[in-house]
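Just so you know, the protein sequences line up as chains R and S, in that order.
Note that our numbering gives residue 193 to position 178 of the first sequence, counting from 1, and the numbers run on in steps of one.
Note that our numbering gives residue 70 to position 55 of the second sequence, counting from 1, and the numbers run on in steps of one.
In this text, a Cβ means the ideal position worked out from N, Cα and C, and glycines have one as well.
Quick caveat: nothing in here was measured; it's all calculated off a predicted structure.
Number of protein chains: 2
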Amino acid sequence: MDLSDFLLSLVSFEPNELEDILSCFEKKKIKKNTMLIAEGEVCRELYFVESGMGRSYYLKEDGKEITQWFFGSGKFMTSVDSFFQGRPSLYYLEILEEAVVYSINKTKIDELFSKYHKMEHLGRQLSIEMLTKVVNKINAIQFQTAKERYEYMLEEFPNISQRVSLGHIASYLGMTQETLSRIRRR
Amino acid sequence: MDLSDFLLSLVSFEPNELEDILSCFEKKKIKKNTMLIAEGEVCRELYFVESGMGRSYYLKEDGKEITQWFFGSGKFMTSVDSFFQGRPSLYYLEILEEAVVYSINKTKIDELFSKYHKMEHLGRQLSIEMLTKVVNKINAIQFQTAKERYEYMLEEFPNISQRVSLGHIASYLGMTQETLSRIRRR
DNA sequence: CTATTCTTTTGACATAAATCAAAAACCAAT
DNA sequence: ATTGGTTTTTGATTTATGTCAAAAGAATAG
Numbered sequence: 016m017d018l019s020d021f022l023l024s025l026v027s028f029e030p031n032e033l034e035d036i037l038s039c040f041e042k043k044k045i046k047k048n049t050m051l052i053a054e055g056e057v058c059r060e061l062y063f064v065e066s067g068m069g070r071s072y073y074l075k076e077d078g079k080e081i082t083q084w085f086f087g088s089g090k091f092m093t094s095v096d097s098f099f100q101g102r103p104s105l106y107y108l109e110i111l112e113e114a115v116v117y118s119i120n121k122t123k124i125d126e127l128f129s130k131y132h133k134m135e136h137l138g139r140q141l142s143i144e145m146l147t148k149v150v151n152k153i154n155a156i157q158f159q160t161a162k163e164r165y166e167y168m169l170e171e172f173p174n175i176s177q178r179v180s181l182g183h184i185a186s187y188l189g190m191t192q193e194t195l196s197r198i199r200r201r
Numbered sequence: 016m017d018l019s020d021f022l023l024s025l026v027s028f029e030p031n032e033l034e035d036i037l038s039c040f041e042k043k044k045i046k047k048n049t050m051l052i053a054e055g056e057v058c059r060e061l062y063f064v065e066s067g068m069g070r071s072y073y074l075k076e077d078g079k080e081i082t083q084w085f086f087g088s089g090k091f092m093t094s095v096d097s098f099f100q101g102r103p104s105l106y107y108l109e110i111l112e113e114a115v116v117y118s119i120n121k122t123k124i125d126e127l128f129s130k131y132h133k134m135e136h137l138g139r140q141l142s143i144e145m146l147t148k149v150v151n152k153i154n155a156i157q158f159q160t161a162k163e164r165y166e167y168m169l170e171e172f173p174n175i176s177q178r179v180s181l182g183h184i185a186s187y188l189g190m191t192q193e194t195l196s197r198i199r200r201r
């Protein structure tokens with residue numbers, strides 16, 4: 016998914032506005048297993064994933080990685096709380112699959128937000144979309160059996176199972192990889 | 016928490032702007048156990064809770080109520096997906112404790128969003144704040160023991176336990192009320 | 001192509017929390 | 001106060017999922 020098309024699909028920017036906005040982003044190719052941000056750092060970039068796959072995760076006290084979210088093509092990826100509030104990130108951001116991203120830093124995007132009312136509108140729309148997805152995940156995870164949770168995941172992230180490891184998916188779903196492996200057998 | 020103070024604490028509206036915005040809200044007193052919206056209806060109002068307590072919940076297939084979120088003083092309450100996307104609500108909204116709210120409908124708030132850039136900014140800020148809270152809940156719930164989840168709840172909603180029933184809290188936390196009762200014993 | 005490392009599967013067993021059932025405590029209305 | 005209804009607590013039992021351990025299977029690098 017191309018950034019320009021994505022933006023236009025949500026808000027009708029004028030050609031010159033669009034150009035101005037796009038010029039604030041920097042296109043980058045990122046290798047597999049790259050860490051974009053580590054826990055404790057302040058996340059200063061927002062990434063639009065054109066292709067590839069990323070995830071956010073954190074470490075439990077016992078050192079286990081817990082996947083928080085997956086970011087595929089056409090999604091904005093960042094450590095939300097850190098990026099927007101300037102606080103140290105609670106999460107790691109990692110690229111799982113060679114990716115092409117458009118990145119923009121906090122200063123620039125804040126300029127865009129104050130320069131263009133439409134941009135602020137876009138930001139609100141995207142936040143709300145993400146909010147409903149996260150709420151959706153809670154419902155799936157909180158009161159469903161391990162099997163139902165897996166089914167939820169297939170809806171939210173179709174064919175993710177061919178792209179990321181069992182362990183990453185299991186921790187996203189709040190179960191052990193052994194359990195997930197047993198569910199898949201059926 | 017007063018709506019006017021609340022708005023000013025986040026965005027510096029001019030007196031006339033503020034007045035215009037406040038005039039779009041309607042102050043209402045709402046009785047305990049009032050249902051603001053039922054599942055399946057489209058939620059057309061957004062409520063700012065000045066005092067009292069509300070919750071959102073849904074019914075599982077077996078008919079059990081699952082509390083989704085609590086809304087105390089100084090919070091905006093609505094069925095987010097329904098209100099913003101105009102879809103049938105997945106949740107019920109209920110007032111648990113006699114409340115004073117300021118309500119505004121979708122049409123009016125959209126007018127405010129397009130009229131005032133600052134308003135759109137406010138909307139984005141509030142969405143992001145809610146998003147980080149919801150993410151926070153996932154972390155608390157997904158990988159912690161029942162006892163740790165209860166402790167998370169006391170941080171997010173201090174003294175909620177004196178205000179709402181055990182069953183409502185238990186379902187919010189993803190456990191049975193028996194389990195919660197046993198945790199509290201200690 | 002082979003060796004090394006990482007990932008997934010399988011098995012046996014342990015455990016936190018759910019379920020079912022009933023008693024106790026608390027409230028509200030007559 | 002007495003009744004009826006709801007909410008909370010307690011006990012006994014079941015169950016889904018976790019833990020630990022090891023084997024099987026893939027992937028990656030030399």
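DSSP three-state assignment for THR93 (chain R), whether helix, strand or coil: coil
GLU170 (chain R) (DSSP reduced to helix, strand or coil): helix
Contacts that GLU142 (chain S) makes with chain R (C-beta to C-beta distance below 8 Å): The displayed chain sequence assigns Ser, not Glu, to residue 142 (chain S). Simply ARG139, SER142, ILE143 and LEU146.
Three-state class that DSSP yields for LEU105 (chain R) in the structure shown: coil
Where SER196 (chain S) falls, given that 16 or more other Cβ within 10 Å makes a residue buried: exposed
Simplified DSSP state of ARG201 (chain S), which is helix, strand or coil: coil
Residue range of the unbroken alpha helix (DSSP H) whose run includes GLN83 (chain R): No alpha helix (DSSP H) holds GLN83 (chain R); the beta strand (DSSP E) holding it covers 80–86.
Within chain R, the residues that GLU135 (chain S) reaches when beta carbons sit closer than 7 Å: HIS132, GLU135, HIS136 and ARG139
Whether MET252 (chain R) touches ALA155 (chain R) by CB criterion (9 Å): This structure does not reach residue 252 (chain R), given that chain R is present from 16 up to 201, and the question cannot be answered.
At least 3 beta-carbon pairs within less than 8 Å: the region 127–147 of chain R vs the region 65–79 of chain R: no
The region 39–58 of chain R contacting the region 99–111 of chain R, beta-carbon criterion three pairs below 8 Å: yes
Touching by the beta-carbon criterion (3+ pairs, under 8 Å), the region 91–98 of chain S and the region 159–174 of chain R: no
Neighbouring residues, chain S, relative to PHE85 (chain R) (Cβ below 9 Å): Chain S residues near PHE85 (chain R): none, gap ~14 Å exceeds 9 Å.
CB contact below 9 Å: GLN192 (chain S) versus chain R: no
Near-chain S residues of the region 49–83 of chain R (beta-carbon distance less than 8 Å), N- to C-terminal order: TYR73, LYS75, ILE81 and GLN83
8 Å CB neighbourhood of GLU41 (chain S) in its chain, flanking five on each side removed: TYR117, SER118 and ILE119
Between the CA atoms of LYS46 (chain R) and PRO103 (chain S) - distance to the nearest angstrom: 42 Å
VAL64 (chain S) in three-state terms, based on DSSP: strand
Endpoints, beta strand (DSSP E) assigned at LYS43 (chain R): 41–45
Chain-ordered chain S contacts of VAL95 (chain R) [CB-CB under 8 Å]: ILE143, LEU146, THR147 and VAL150
GLY55 (chain R) versus R:SER38, R:LEU23 and R:GLY101, residue with shortest Cα-Cα distance: R:GLY101
Sheet register partners of LEU74 (chain R) (DSSP bridge): R:GLU80
Delimiting residues of the beta strand (DSSP E) encompassing ILE52 (chain S): 50–52
Own chain residues within Cβ distance below 6 Å of THR194 (chain S), not counting five before or after: ALA161
Sub-9 Å separation of ARG70 (chain R) and PHE85 (chain R) beta-carbons: yes
Same chain, Cβ closer than 8 Å to LYS123 (chain R), five either side skipped, listed in chain order: CYS39
Opening and closing residue of the alpha helix (DSSP H) in which GLN140 (chain S) lies: 132–157
Pairwise C-alpha distance: ASP35 (chain S) and SER24 (chain S): 17 Å
Status (buried if at least 16 other CB within 10 Å, exposed otherwise) for SER180 (chain R): exposed
CB contact below 9 Å: ILE156 (chain S) versus chain R: yes
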